[in-house]
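S.K.: If you read the sequences in order, they're chains A and B.
So the first sequence is numbered by full-length UniProt numbering: it starts at 1 and just counts up by one.
So the second sequence is numbered by full-length UniProt numbering: it starts at 1 and just counts up by one.
I have a structure I would like to understand better, so I am pasting it below and will then ask my questions one at a time.
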Amino acid sequence: MAAGKPVVMVTLVSSDGQSFQLLEEAALLSAMVRDTIQIGQGRGPAGIPIRNITGQTLSMVVVYCNKHYTAAAAADGDDAADEEKKVANKKQLREWDEQFINLEQDKLYDILVAANNLGIDGLVDLCCWRFADMMKGKSASEIRVKLGIRDDFTSEQRAQIEKDSPWVWSRTT
Amino acid sequence: MLVDGDGWLFPSAVASNKRPKLILPAEDDGFPLNDELLLLLVFVASSLDTDDLVRCAATCRRWCRLVAHDAHYICRLKPPSERFLRALTVGFFHQSHLDDSGAAPRFAQRPSRPRAPPRLPRCRPQARRMQPCGRGCLHPPHTLRQGQARTLRLRAAHHRRPRRNRRSAPSWAPGSTAFRLFLVYKERNFTASRCYSSNTRAWGTEGKLCAATKVSGKRLGEMRPGAWPSVVPCSGYQGTWCWASAWTRWRPLLRHSRGSGTSCSASTWATRWRTGGWPSRRMGGSARCRCAAGEAAVAAR
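Listed below in structure tokens is the structure:
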């Protein structure tokens, strides 16, 4: 944050009425918030209503935005910092991301939907990475168990899969 | 790896929400993400490779439908799959960008067995690229317009020598630059075929298969190639993929040849079609095929 620049806060209001205040720069990570502010709305006391996103989910999104804004601001402030420090900071942020997104599946779904609705690309990518991590290299049955997917194939379809592609039941070697 | 048919991933075999062919109970996979998010964010945007996607398709009906119907879209940016691409490809078209002669692209055949590497002409590494389309002469016939061909199958010869006279029958030699391509495709009311010869650098006339040999799109999908099928994209047909295969049954008609070789007219092919019958094993233009085709298209760029 540049020195002397007034601190502008933005209020996000979840679908269940909870309010979250964060720096406008942090909120601008969201394309939806950016668009709202660009058309001159959202800076009032009423805040920006976020539909279909509960307070619990929105609180996590706010944490993500604050963290990434802080990291980006720190990186901008240290222009003269050496490359090693930048790489270390990036690695540290990545580790924080991985820890942040290591959630139960229900929360992960909610955050993915919220990130998609709010247009936070970094968070969408993070959720996709987490989903891919849960599925990558796993057999079809393991994916089912991991993601809680119900097998609704008919017996004929199941037999066809068994016959045509038996390798889907084994992991990547 | 010998790749078997993935008929269960063939789009027509997967019940569609728009035009359900099978009366099935509603999809109920218990997964909270809707189709759009699942397709765009999880399947497309994630780092899942083609093998993972097929495994995902085997988990439940909804995932199977999404993968099968949007395989081309999903796989366009995916890294090539060893399982699908290497095992399936019988060859590829090659043309050096240094070659200004306007000659037809060479067909570099992958060996029918993976132990022998394909023979490529000497050229700079960056010039070794697949070129099924572009400024090569291999454009499809103009009578085929996009969207007109419902089903398109591209079949190439199986280049193994006859079993009996393997020593004395030099019908094909690796490195031969001549090739013939045989297209079988569905028009609105009939099944048609055309042949391209690298010798004449031209497509032959379109042959209409007579009523006795009318073949449905499903039947086209069931055309079972030999042990080493391959998928290559067909130039000029967005959304339509060719199915190239090595099929010993058609060796007399669809062989690589030096010199003039044999002619391959639609009428003779129709006769073969009538009398030859079809192999029983199913080999559909499945999502796997489409995946591989997508990969081939990516590799070609």
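Note that CB positions come from ideal geometry on N, CA and C, so glycine has one too.
Does the Cβ of R94/A have 16 or more other Cβ atoms within 10 Å, making it buried, or fewer, making it exposed?
M.R.: With fewer than 16 Cβ atoms within 10 Å of its Cβ, R94/A is classed as exposed.
S.K.: Any idea if W167/A is buried or exposed, counting beta-carbon neighbours within 10 angstroms, 16 or more meaning buried?
M.R.: W167/A is buried by the Cβ-count criterion.
S.K.: Tell me which same chain residues have a C-beta within less than 6 Å of the C-beta of L123/A, skipping the five on either side of it?
M.R.: Contacts found: Y64, A115.
S.K.: Do A58/B and I161/A have their beta-carbon atoms positioned less than 7 Å apart in this structure?
M.R.: Yes, the pair counts as a contact, with Cβ atoms nearer than the cut-off.
S.K.: Taking the alpha carbon of G144/A as the reference point, which residue from H69/B, A71/B, C56/B, Y73/B has its own alpha carbon closest?
M.R.: The sequence shown places Arg at residue 144/A, not Gly. Checked all of H69/B, A71/B, C56/B, Y73/B; the closest Cα to R144/A is C56/B.
S.K.: For D29/B, which residues in chain A fall below 7 Å Cβ to Cβ?
M.R.: Those are I149, R150, D152, listed as they occur along chain A.
S.K.: Is the distance from the Cβ of C128/A to the Cβ of L41/B below 7 Å?
M.R.: In contact: C128/A and L41/B (Cβ atoms closer than 7 Å).
S.K.: Could you say which of V8/A, K146/A, E25/A lies nearest to T70/A if we only look at CA atoms?
M.R.: Considering only alpha carbons, the answer is E25/A.
S.K.: In chain B, which residues lie less than 7 Å from S139/A when you measure between Cβ atoms?
M.R.: In chain order: R55.
S.K.: So the candidates are Q99/A, A72/A, D16/A, I101/A; which of them puts its Cα closest to the Cα of V87/A?
M.R.: That would be A72/A, whose Cα lies nearest to the Cα of V87/A.
S.K.: Against chain A, with Cβ distances strictly below 7 Å, would A227/B count as a contact?
M.R.: Unreliable placement is indicated for A227/B, whose pLDDT of 25 sits below 50; the coordinate value is still reported in the next sentence. Chain A, which has no Cβ nearer than 7 Å to the Cβ of A227/B, makes this no.
S.K.: So, with DSSP's three-state summary, where would you put K208/B?
M.R.: Reduced to three states, the DSSP call for K208/B is strand.
S.K.: Go ahead and label R158/A buried or exposed: buried means 16 or more other beta carbons lie within 10 angstroms of its beta carbon, across all protein chains shown.
M.R.: R158/A comes out exposed.
S.K.: Residues of chain A with CB closer than 8 Å to the CB of C60/B, please, in chain order.
M.R.: The contacting residues are R144, I149, R150, D151, D152, F153.
S.K.: Anyone know if the C-beta pair for G42/A and T36/A falls short of 7 Å?
M.R.: Yes, they are a contact pair.
S.K.: Exposed or buried, which one is T57/A when buried takes at least 16 other CB atoms within 10 Å?
M.R.: Buried.
S.K.: With burial defined as no fewer than 16 other Cβ atoms inside 10 Å of the residue's Cβ, what is the status of D16/A: buried or exposed?
M.R.: Result: exposed.
S.K.: Taking the C-alpha atoms as reference points, what is the distance between L33/B and V62/A?
M.R.: L33/B and V62/A: Cα-Cα distance of roughly 22 Å.
S.K.: Classify residue 175/A as helix, strand or coil using the three-state DSSP reduction.
M.R.: An answer regarding residue 175/A cannot be provided, because it is not within the stretch 1 to 173 covered by chain A.
S.K.: Whole angstroms are fine: how far does the CA of I120/A sit from the CA of V33/A?
M.R.: If you take the alpha carbons of V33/A and I120/A, they lie about 10 Å apart.
S.K.: Any C-beta of chain B within less than 8 Å: which residues of the segment 37–68 of chain A qualify?
M.R.: Flagged: no residues at all.
S.K.: Closest to M9/A by CA distance: which of S19/A, L23/A, Q18/A is it?
M.R.: Looking at the Cα atoms, L23/A is the closest of the given residues.
S.K.: Throw me the rounded Cβ distance for the Q18/A and G55/A pair, which I believe falls under 8 Å.
M.R.: Yes, Q18/A and G55/A are in contact; Cβ-Cβ is about 3 Å, under 8 Å.
S.K.: DSSP on L48/B, reduced to helix/strand/coil?
M.R.: Here L48/B sits in coil by DSSP.
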